[in-house]
Amino acid sequence: MKPIFMTYTKKDLINLAVCMVLSVLIIPTFIKTEYWYTSILIPWLCLALATIGQQIVMGYTGQLALGAAGFMAAGAFAMFNLILRVPDLGFVGSLIVSGLIAAAFGILFGLPSLKVRGIYLMVATLASQFFIIWMIDKFGWFKNYDSSGIITAQDIVILGKPLTTPLAMYFVCLAVTTILTLLAMNMARGSTGRNWMAVRDMDIAAESMGVSLLRTKVQAFAISAFYCGVAGALFAFCYLKSLEPVAFDIKLSFKILFMCILGGLGTINGAFIGAAFILLFPVLLNALGNNVFHGAIDATIISSIEQVIFGLLMIIFMIYEPLGMAKLWENLKQSMRSKLSSSDTKSLKSPVLKK
Amino acid sequence: MAYERKFKIGKPILEVNNISLAFGGVKAITDTSFNVLEHEVRAIIGPNGAGKSSMLNCINGIYKPQQGTVSFRGQVVPNITPNIMAQMGLSRTFQNLALFKRMSVLDNILVGRKLHTKTNFLEVALQLPKVKKEEELNRERSEEIISFLEIEDIKNTPVGKLPYGLQKKVELGRALATDSSIILLDEPMAGMNVEEKRDMCRFILKVNDELGTTMVLIEHDMGVVMDISDRVVVLDYGKVIGDGTPDEIMANQKVIDAYLGVEH
Numbered sequence: 042m043k044p045i046f047m048t049y050t051k052k053d054l055i056n057l058a059v060c061m062v063l064s065v066l067i068i069p070t071f072i073k074t075e076y077w078y079t080s081i082l083i084p085w086l087c088l089a090l091a092t093i094g095q096q097i098v099m100g101y102t103g104q105l106a107l108g109a110a111g112f113m114a115a116g117a118f119a120m121f122n123l124i125l126r127v128p129d130l131g132f133v134g135s136l137i138v139s140g141l142i143a144a145a146f147g148i149l150f151g152l153p154s155l156k157v158r159g160i161y162l163m164v165a166t167l168a169s170q171f172f173i174i175w176m177i178d179k180f181g182w183f184k185n186y187d188s189s190g191i192i193t194a195q196d197i198v199i200l201g202k203p204l205t206t207p208l209a210m211y212f213v214c215l216a217v218t219t220i221l222t223l224l225a226m227n228m229a230r231g232s233t234g235r236n237w238m239a240v241r242d243m244d245i246a247a248e249s250m251g252v253s254l255l256r257t258k259v260q261a262f263a264i265s266a267f268y269c270g271v272a273g274a275l276f277a278f279c280y281l282k283s284l285e286p287v288a289f290d291i292k293l294s295f296k297i298l299f300m301c302i303l304g305g306l307g308t309i310n311g312a313f314i315g316a317a318f319i320l321l322f323p324v325l326l327n328a329l330g331n332n333v334f335h336g337a338i339d340a341t342i343i344s345s346i347e348q349v350i351f352g353l354l355m356i357i358f359m360i361y362e363p364l365g366m367a368k369l370w371e372n373l374k375q376s377m378r379s380k381l382s383s384s385d386t387k388s389l390k391s392p393v394l395k396k
Numbered sequence: 023m024a025y026e027r028k029f030k031i032g033k034p035i036l037e038v039n040n041i042s043l044a045f046g047g048v049k050a051i052t053d054t055s056f057n058v059l060e061h062e063v064r065a066i067i068g069p070n071g072a073g074k075s076s077m078l079n080c081i082n083g084i085y086k087p088q089q090g091t092v093s094f095r096g097q098v099v100p101n102i103t104p105n106i107m108a109q110m111g112l113s114r115t116f117q118n119l120a121l122f123k124r125m126s127v128l129d130n131i132l133v134g135r136k137l138h139t140k141t142n143f144l145e146v147a148l149q150l151p152k153v154k155k156e157e158e159l160n161r162e163r164s165e166e167i168i169s170f171l172e173i174e175d176i177k178n179t180p181v182g183k184l185p186y187g188l189q190k191k192v193e194l195g196r197a198l199a200t201d202s203s204i205i206l207l208d209e210p211m212a213g214m215n216v217e218e219k220r221d222m223c224r225f226i227l228k229v230n231d232e233l234g235t236t237m238v239l240i241e242h243d244m245g246v247v248m249d250i251s252d253r254v255v256v257l258d259y260g261k262v263i264g265d266g267t268p269d270e271i272m273a274n275q276k277v278i279d280a281y282l283g284v285e286h
């Protein structure tokens, strides 16, 4: 299919239009409960954005990195300090600079990827997770010498107007996520993404074609950290409305890793699917516990069951569908389409497609 | 060969001077020198373990030889890396296929256009007009290569799903996409049937003939080697035991001994 606008095909533009109508018109008209915005939609958008960051470095460039939450913390605290100390920058400016500061950390902690790979790289990148959190805790300046441990996030002010309602916050997250997702798609489909994937699939061959491993890997880490940093700032300012290093612990990094793997490595839409699944699944289990078993099952047991099911799903996906839920969705669409017009699609496929 | 060549064989484009390579105590290549002339088809042959692939890896900068130098167009290349050689105009294929398995045929070949891609990630993210123009040019060239190799019908298939012979073709296509002046082919016909081999020979000769690309190939099929190459260098136990035209090589007693075995 030929792209019509930028790298987007007709199908993409239709999908985009559907998503936009859904998220800009339908959701705000029909969902009035604050709970949906504050506890589901806003964290979903923030975490999906962070998952795109994880996708870039892990799904596209094939570098096993663990420490997305560290970069999120860097972004969040950078945002706090920028609004505090450089108020002239404005919200959007601060958000971009926060992302850039996180990207600087990404470059620093991406450097080990030149020497180590696989599980060893994962351990090396864990350093970012612990170092950034330690640094924020250790030096009071980052928290503006606040002794309470939890700092209240400043209000988001756009064009002189403070935004406080959940709906406004939702729109801020939606706008940022949409723009960054579209940019990520452009990169992933263009020459940048090809370089990433070439490094992922066969680094020696990539180098022999003139792809610099140093540049490509460091670039992927930087862009990934930028996405995580922006996501972290939104996460703190729109969702948590407070800043504490503990919120960005290793558990969050793992969560983002799971979202990335379950959603489907090397896909952008997988980031959204994975994030939705991991966020909604506990909600679903809780609802099930309350409504079907009428509270007969203890909440702690439910949260344990949740862990067990996540673990199982990870194993099942790793074995049967390493490309995750995005691929399942694709397969489903494919089979629906071929059922609708069974003879047409078969003749279009070239014979070598079969294994 | 009786026909008139469009690109006359010229000066040495690549010279290998006294290269020695050892892995620990195992000597893979010992004090080897030979050259490759511009626009020629040069074959490197030799029994298994003779150091042929190691030789290519030294030329391309994947291995660092303990001794010796590689010169490109008469100049010694000081710090050889695969990247530097690619920039100088040397491309290659690999013995055990080094394709980007999860990417489509077209994308694999497009990666070969990397050095003709000057836009950075920010420009790509924003899809500036010049990105679009460059991408279109690269795609055009890639499509040309795809139709030249007669693999149009599989261009959107992930490479990992293709049979071996086709993957070899795609790898040649990726090397061609770089528009390099010299291409190293590491066993381009290994594991192919007679028909596929004939196809591959045709492509190699056609590229050499039409684009003037210098070809250096490692091959085991003697018939093929003697047919398509202008000159042959024979390695055995990491040393050059013969260097010359196919006819000279076939008459060389040392080569015959190395291949047929000889009582000592």
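Top line first, the protein sequences correspond to chains V and A.
My numbering runs 41 ahead of the 1-based position in the first sequence.
My numbering runs 22 ahead of the 1-based position in the second sequence.
Built from N, CA and C at the ideal position, the CB exists for glycine as well.
| Item | Value |
| --- | --- |
| Complete runs of the alpha helix (DSSP H) confined to the region 174–205 of chain A [at least 4 residues] | 186–199 |
| Met250 (chain V) at chain A interface by Cβ criterion, 7 Å | yes |
| Cβ of Met47 (chain V) within 7 Å of any chain A Cβ | yes |
| Contact with chain A by Leu389 (chain V), beta-carbon distance below 7 Å | Model confidence at Leu389 (chain V) stands at a pLDDT of 46, short of 50, so the residue's coordinates are unreliable; what they give is reported in the following sentence. By this cut-off, Leu389 (chain V) is not an interface position. |
| CB contact flag (Ala367 (chain V), Ile314 (chain V), <7 Å) | yes |
| Of the residues V:Ser294, V:Leu223 and V:Thr193, the one placed nearest Ile124 (chain V), counting alpha carbons only | V:Thr193 |
| Nearest-angstrom Cα separation, counted from Lys282 (chain V) out to Pro207 (chain V) | 11 Å |
| Straight-line Cα distance separating Gly181 (chain V) from Gln375 (chain V) | 55 Å |
| Neighbour flag for Thr233 (chain V) against chain A, beta carbons, 7 Å | yes |
| Counterpart residues of Ile199 (chain V) in DSSP-defined beta bridges | V:Lys202 |
| With 16 other Cβ atoms within 10 Å as the buried cut-off, status of Lys396 (chain V) | Any reading at Lys396 (chain V) needs caution, since the residue's pLDDT is 39, under 50, leaving its predicted position unreliable; the model's value is listed next. Exposed, because fewer than 16 other Cβ atoms sit within 10 Å of the Cβ of Lys396 (chain V). |
| Proximal residues of chain V, C-beta to C-beta of Phe116 (chain A) below 9 Å | Met243, Ile245, Ala246 and Ser249 |
| Sequence-distant residues of its chain with Cβ nearer than 7 Å to Glu218 (chain A) (five each side left out) | Gly187 |
| First through last residue of the beta strand (DSSP E) which encompasses Lys49 (chain A) | Val48 to Leu59 |
| Integer Cβ distance of Ala109 (chain V) from Gln95 (chain V), believed to fall under 8 Å | 5 Å |
| Inside the region 210–240 of chain A only - beta strand (DSSP E) runs reaching at least 3 residues | 236–240 |
| 8 Å Cβ cut-off: residues of chain A touching Asn227 (chain V) | Val146, Ala147, Leu148 and Gln149 |
| Pro210 (chain A), buried or exposed, once every other Cβ within 10 Å from all chains shown has been counted against 16 | buried |
| Cβ of Ala239 (chain V) within 7 Å of any chain A Cβ | yes |
| Contact list for the region 80–93 of chain A against chain V, Cβ threshold 7 Å | Asn82 and Ile84 |
| CA-to-CA distance, Asn56 (chain V) to Val259 (chain V), given in whole angstroms | 32 Å |
| At least three beta-carbon pairs within less than 8 Å, the region 162–171 of chain V to the region 89–107 of chain V | yes |
| Reduced DSSP category for Lys296 (chain V) - H, G, I as helix; E, B as strand; rest coil | helix |
| Three-state secondary structure (DSSP) of Gly266 (chain A) | strand |
| Within chain A, the residues that Ser294 (chain V) reaches when beta carbons sit closer than 9 Å | Within chain A, no residue comes near Ser294 (chain V); the closest Cβ sits about 24 Å away, beyond 9 Å. |
| Close Cβ partners of Thr54 (chain A) (< 8 Å) along its chain, the five nearest in sequence each way excluded | Val38, Asn40, Ile41, Ser42, Gly73, Met77, Gly90, Leu257, Gly260, Lys261 and Val262 |
| The alpha helix (DSSP H) enclosing Gly131 (chain V), as first and last residue numbers | Gly131 to Gly151 |
| Residue of A:Lys30, A:Val48, A:Arg64 and A:Pro34 minimising C-alpha distance to Glu241 (chain A) | A:Arg64 |
| Coil, strand or helix - Val17 (chain V) by DSSP | Not covered by the structure: residue 17 (chain V). The range shown for chain V is 42 to 396. |
| C-alpha gap between Gly401 (chain V) and Val277 (chain A), whole angstroms | Because chain V in this structure spans residues 42 to 396, residue 401 (chain V) falls outside the shown range and cannot be described. |
| Helix, strand or coil at Asn327 (chain V) [DSSP, three-state] | helix |
| Alpha-carbon to alpha-carbon, Asn142 (chain A) and Gly152 (chain A) | The question names Gly, yet the displayed sequence has Lys at residue 152 (chain A). C-alpha separation (whole angstroms): 11 Å. |
| Arg161 (chain A) versus Ala197 (chain A) - alpha carbon distance | 15 Å |
| Whole-angstrom distance between Ala114 (chain V) and Pro286 (chain V), CA atom to CA atom | 7 Å |
| Contacts of Ile264 (chain V) in chain A (Cβ-Cβ under 9 Å) | Phe143 and Ala147 |
| Three-state class that DSSP yields for Asn39 (chain A) in the structure shown | strand |
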